[in-house]
Amino acid sequence: MEALEILQRVKSQFGDRVLEISEKKPDPFAVIDPGAIVEVGRFMHEDPELAMDCLSNQSGVDYKDRIEVVYHLFSYARCHGAVLKVKLPRDNPSVATLEGLWKSANWMEREIFDLLGVNFEGHSDLRRILMPEDWIGHPLRKDFVEPPEYHGISTVRESPIVRLDTKKK
Amino acid sequence: MSTLHTEEMTLNMGPQHPSTHGVLRFVVRADGEVMREAIPDVGYLHRSIEKIAEKVGYRGFMPYTDRVDYVCAMFTNQGWGMACEKLAGIEVPRRGEYCRVIAAEFNRIASHLLAVGSMAMDIGAITPFAHVIREREMINDLIEELCGARLTFNYMRIGGVGWDLPQGWREKALKYLDHFDPILEEYNSLISWNKIYVERLAGVAAVSSADAINYNLVGPNLRACGIKWDIRKDIPYSVYPEFEFEVPVGNGNWGKLGDSMDRYVVRIREMAESSKILRQALAKIPPGPVLAKTVRNFKPPAGECQVRVESARGDMGWYVVSDGTGYPWRVHVRTGSFAAMGIIQKLSAGLMIADLVTLIASLDVIAPEIDR
């Protein structure tokens with residue numbers, strides 16, 4: 004099925020809990036009510052027409068006024084895919100985990116938690132994955148400011164080009 | 153024997169361990185020689201490449217993509233190029249696509265050579281590694297003539313490739329392929345069907361096809377579980393539909409379907425298929441330009457897209473969000489190694505500690521690709 008057809012089928016099943024279906028630019032996507040993401044996921048996983056057996060990609064985007072979690076679902080059985088999104092508030096963003104449906108969500112949700120600070124309710128092992136455990140802040144947020152040092156190690160260094168310039172003079 | 157339990161030990165493996173292919177750490181909970189679980193700890197090579205993309209702009213990001221997976225940098229180049237082209241609606245000239253396919257398939261052979269060679273080395277056979285490095289160096293020589301670099305290529309551009317094939321390169325490449333096909337046979341007789349080697353791999357850490365999809369394994373790891381799936385065939389991109397090639401899948405001939413030996417054999421057979429693609433591409437390459445004309449100040453319209461490329465480590469997904477300026481709003485790379493690491497904790501239960509090394513090597517994880 005085409006991506007738009009898939010999203011229309013989800014819309015007809017869930018009505019206004021699918022908040023919006025975007026047109027192609029170039030990939031279409033559907034915005035889902037955050038409270039309904041597990042139900043929508045389960046429907047898309049179990050419906051024989053859609054048979055989304057793989058959560059191919061999950062990522063988060065910070066839009067300055069909201070945070071979006073993006074789900075790229077894919078079906079190996081039918082060779083089609085669709086994109087879902089949930090919009091979350093910027094302070095204390097929280098959404099239910101999809102780990103129960105697709106195991107691959109475990110690590111990808113840990114990454115989103117680490118880099119964007121989204122809390123996934125019901126996640127079995129929600130801790131930082133890429134950054135050190137004692138890191139403060141979430142680096143992929145647009146307002147993140149890098150601390151000047153980490154455990155006494157400076158995170159900025161003098162530019163070697165500037166140093167060469169001063170020597171000449 | 154199985155009822156005898158000893159005190160549980162917690163062992164640390166890595167981050168600097170010769171068999172972890174980069175910098176990886178495992179916390180192993182073991183009962184004697186048998187693991188209860190191995191918990192991967194990643195992030196040692198996190199260079200925040202996705203954040204860098206937001207700072208350097210579309211064109212400036214191309215050399216950084218090399219560093220996402222430096223063993224097969226052509227595919228990360230191609231993925232980024234294709235994502236930008238899809239956003240801006242640019243069409244790559246046919247010769248440019250052929251150059252991309254030729255460079256990428258040579259890179260796939262080089263990457264698989266390193267994968268199978270280092271796998272043999274991890275298991276204890278040192279000699280095959282010298283053989284694969286010799287072959288890989290020759291491919292690096294060819295690629296060096298193409299783009300001047302041996303590891304981080306930066307060969308592709310948005311809209312095509314940076315340089316056309318140099319004069320006489322086609323003949324050199326064909327000569328190399330004539331040399332490579334018998335070498336693959338030699339390599340197989342040297343190590344692949346060696347009884348000790350096969351027994352070390354067969355039946356170890358088998359993955360069922362349902363698990364492979366659920367945990368999002370991709371590429372050779374997925375095909376080893378018996379799933380005939382290849383982005384080049386099933387969601388075709390570039391000029392791959394013009395070539396005839398097989399998609400090798402695991403068959404469980406040595407032990408169980410989807411075990412370490414199947415993953416190894418799939419990589420060996422993929423090299424032969426890449427060689428086939430290369431011969432056809434080198435024979436059919438059309439004349440013409442290699443780079444589409446694009447505006448200097450590249451600003452794709454606002455929107456978002458995902459492209460998927462079949463890299464040497466499988467389906468690599470580039471998710472790019474554009475806000476209409478010269479800098480991408482968000483870039484996310486879904487890589488094969490990241491997904492493969494997620495399944496290790498599950499697979500390690502009940503394995504011998506020595507087999508953890510086999511498992512990591514057979515999944516062909518590359519640490520920079522996990523952490524990005």
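Chains G and R, in that order, are what the protein sequence lines are.
Mapped onto my numbering, the consecutive letters of the first sequence carry residue numbers 4 to 172.
Mapped onto my numbering, the consecutive letters of the second sequence carry residue numbers 153 to 524.
Built from N, CA and C at the ideal position, the CB exists for glycine as well.
Proximal residues to residue i (C-beta, below 7 Å), its chain only, five neighbours per side dropped
{"i": "R/Thr446", "result": "Ile242, Ile310, Gly311"}
{"i": "R/Phe395", "result": "Ile429, Gln432, Ala433"}
{"i": "G/Gly44", "result": "Leu101, Leu104"}
{"i": "G/Met3", "result": "In this structure chain G extends from 4 to 172, so residue 3 of chain G is not present and cannot be described."}
{"i": "R/Met271", "result": "Tyr416, Ala513, Ser514"}
{"i": "G/Ala108", "result": "Leu58, Gln61, Thr100, Leu101, Glu102"}
{"i": "R/Lys385", "result": "Val399"}
C-beta contact flag for residue i and residue j at 7 Å
{"i": "R/Ser360", "j": "R/Ile379", "result": "no"}
{"i": "R/Arg260", "j": "R/Ala464", "result": "yes"}
{"i": "R/Val253", "j": "R/Ser390", "result": "yes"}
{"i": "G/Arg20", "j": "G/Asp30", "result": "no"}
{"i": "R/Gly410", "j": "R/Ala354", "result": "no"}
{"i": "R/Asn525", "j": "R/Arg415", "result": "For residue 525 of chain R there is no data in the structure shown, the boundaries of chain R being 153 and 524."}
{"i": "R/Phe213", "j": "R/Ala256", "result": "no"}
{"i": "R/Leu508", "j": "R/Ala492", "result": "no"}
{"i": "R/Glu189", "j": "R/Ala513", "result": "no"}
{"i": "R/Arg286", "j": "R/Leu265", "result": "no"}
{"i": "R/Ile201", "j": "R/Gln497", "result": "no"}
{"i": "R/Ser263", "j": "R/Cys224", "result": "yes"}
{"i": "R/Glu521", "j": "R/Asp274", "result": "no"}
{"i": "R/Gly494", "j": "R/Tyr367", "result": "yes"}
{"i": "G/His141", "j": "G/Leu119", "result": "yes"}
Own chain partners of residue i with C-beta closer than 6 Å, once the 5 adjacent residues on each side are dropped
{"i": "R/Arg247", "result": "Pro438, Gly440, Val442"}
{"i": "G/Ile115", "result": "Gly63, Val121"}
{"i": "G/Glu71", "result": "Val64, Lys88, Lys90"}
{"i": "R/Met234", "result": "Val459"}
{"i": "R/Asp193", "result": "Arg177"}
{"i": "G/Tyr74", "result": "Gln61, Leu87"}
{"i": "R/Phe397", "result": "Glu425, Lys428, Ile429"}
{"i": "G/Pro96", "result": "Ile70, Val121"}
{"i": "R/Ala412", "result": "Position check: residue 412 of chain R holds Ser in this sequence, whereas Ala was assumed. Here the set comprises Leu353, Val356, Ala357, Thr510, Ser514."}
{"i": "R/Ala364", "result": "Leu374, Cys377"}
{"i": "R/Lys238", "result": "Cys457, Val459"}
{"i": "R/Ala454", "result": "Ser474, Asp475, Gly476"}
{"i": "R/Asn292", "result": "Arg302"}
Residue i versus the options, residue with shortest Cα-Cα distance
{"i": "R/Arg421", "options": "R/Glu160, R/Ala267, R/Ile365, R/Met273", "result": "R/Ala267"}
{"i": "R/Gly269", "options": "R/Val461, R/Met423, R/Phe397, R/Pro452", "result": "R/Met423"}
{"i": "R/His198", "options": "G/Ala85, G/Ile132, G/Arg20, G/Asp128", "result": "G/Ile132"}
{"i": "R/Pro215", "options": "R/Gly276, R/Gly314, R/Val391, R/Val509", "result": "R/Gly314"}
{"i": "G/Tyr79", "options": "R/Leu294, R/Val472, R/Ala513, R/Asp467", "result": "R/Asp467"}
{"i": "G/Pro151", "options": "G/Glu102, G/Arg144, G/Ile139", "result": "G/Ile139"}
{"i": "R/Ala240", "options": "R/Lys203, R/Ala444, R/Gly166", "result": "R/Ala444"}
{"i": "G/Met134", "options": "G/Asp117, G/Asp128, G/Gly125", "result": "G/Asp117"}
{"i": "R/Gly276", "options": "R/Cys457, R/Thr510, R/Leu515", "result": "R/Thr510"}
{"i": "R/Arg524", "options": "R/Arg219, R/Met161, R/Lys207", "result": "R/Arg219"}
{"i": "G/Arg144", "options": "R/Glu206, R/Gly195, R/Ile387, R/Met413", "result": "R/Glu206"}
{"i": "R/Cys251", "options": "R/Leu265, R/Pro318, R/Leu336, R/Glu287", "result": "R/Pro318"}
{"i": "G/Asp137", "options": "G/Tyr153, G/Ser127, G/Val148, G/Asp128", "result": "G/Tyr153"}
{"i": "R/Glu456", "options": "R/Met161, R/Asp333, R/Val473", "result": "R/Val473"}
{"i": "R/Gly469", "options": "G/Gly18, G/Gln61, G/Met4, G/Val41", "result": "G/Gln61"}
{"i": "G/Ile24", "options": "G/Leu7, G/His141, G/Glu42", "result": "G/Leu7"}
{"i": "G/Leu10", "options": "G/Tyr66, G/Gly18, G/Ala33", "result": "G/Ala33"}
{"i": "R/His283", "options": "R/Leu342, R/Glu297, R/Trp406", "result": "R/Leu342"}
{"i": "R/Val517", "options": "R/Met504, R/Ile505, R/Phe490, R/Leu503", "result": "R/Phe490"}
{"i": "R/Ala435", "options": "R/Tyr349, R/Leu329, R/Ala182, R/Val186", "result": "R/Leu329"}
Boundaries of the beta strand (DSSP E) in which residue i is found, first to last residue
{"i": "R/Ser165", "result": "Note on residue identity: the sequence assigns Met, not Ser, to residue 165 of chain R. From DSSP, the beta strand (DSSP E) with R/Met165 extends over 161 to 165."}
{"i": "G/Arg113", "result": "Taken as a continuous stretch (DSSP letters only), G/Arg113 belongs to no beta strand (DSSP E), being part of the alpha helix (DSSP H) at 108 to 119."}
{"i": "G/His83", "result": "83 to 91"}
{"i": "R/Asp333", "result": "It is not in any beta strand (DSSP E) - R/Asp333 instead sits in the alpha helix (DSSP H) that spans 321 to 339."}
{"i": "G/Ile24", "result": "21 to 24"}
{"i": "R/Met187", "result": "186 to 193"}
{"i": "G/Leu58", "result": "57 to 65"}
{"i": "G/Glu124", "result": "122 to 124"}
Residue i: first and last residue of the uninterrupted alpha helix (DSSP H) it sits in
{"i": "R/Lys385", "result": "383 to 386"}
{"i": "R/Arg260", "result": "246 to 275"}
{"i": "G/Ile40", "result": "40 to 49"}
{"i": "G/Pro37", "result": "Note, G/Pro37: premise wrong, no alpha helix (DSSP H); not H, not E."}
{"i": "G/Phe147", "result": "G/Phe147 -> no alpha helix (DSSP H), and no H or E assigned at all."}
{"i": "R/Leu294", "result": "279 to 299"}
{"i": "R/Ile310", "result": "Premise fails: R/Ile310 is in no alpha helix (DSSP H) and is neither H nor E."}
Interface partners of residue i on chain A, CB under 8 Å
{"i": "R/Leu239", "result": "The structure shown contains no chain A; its protein chains are G and R."}
Neighbourhood of residue i by C-beta distance below 8 Å, restricted to the same chain and skipping five residues each side
{"i": "R/Gly371", "result": "Glu462, Ser463, Ala464, Arg465, Gly466, Asp467, Gly488"}
Any alpha helix (DSSP H) of 4 or more consecutive residues that is wholly inside the segment 342 to 414 of chain R: Those alpha helix (DSSP H) runs which fall completely within the segment 342 to 414 of chain R and span 4+ residues are 347 to 353, 361 to 366, 372 to 375, 383 to 386.
Could you tell me which whole beta strand (DSSP E) segments of length 3 or greater appear in the segment 465 to 509 of chain R? 466 to 474, 482 to 486, all fully within the segment 465 to 509 of chain R.
Every unbroken alpha helix (DSSP H) inside the segment 201 to 236 of chain R [4 residues or more]: Along the segment 201 to 236 of chain R, the alpha helix (DSSP H) occurs as fully enclosed runs of 4 or more residues at 201 to 212, 214 to 218, listed in sequence order.
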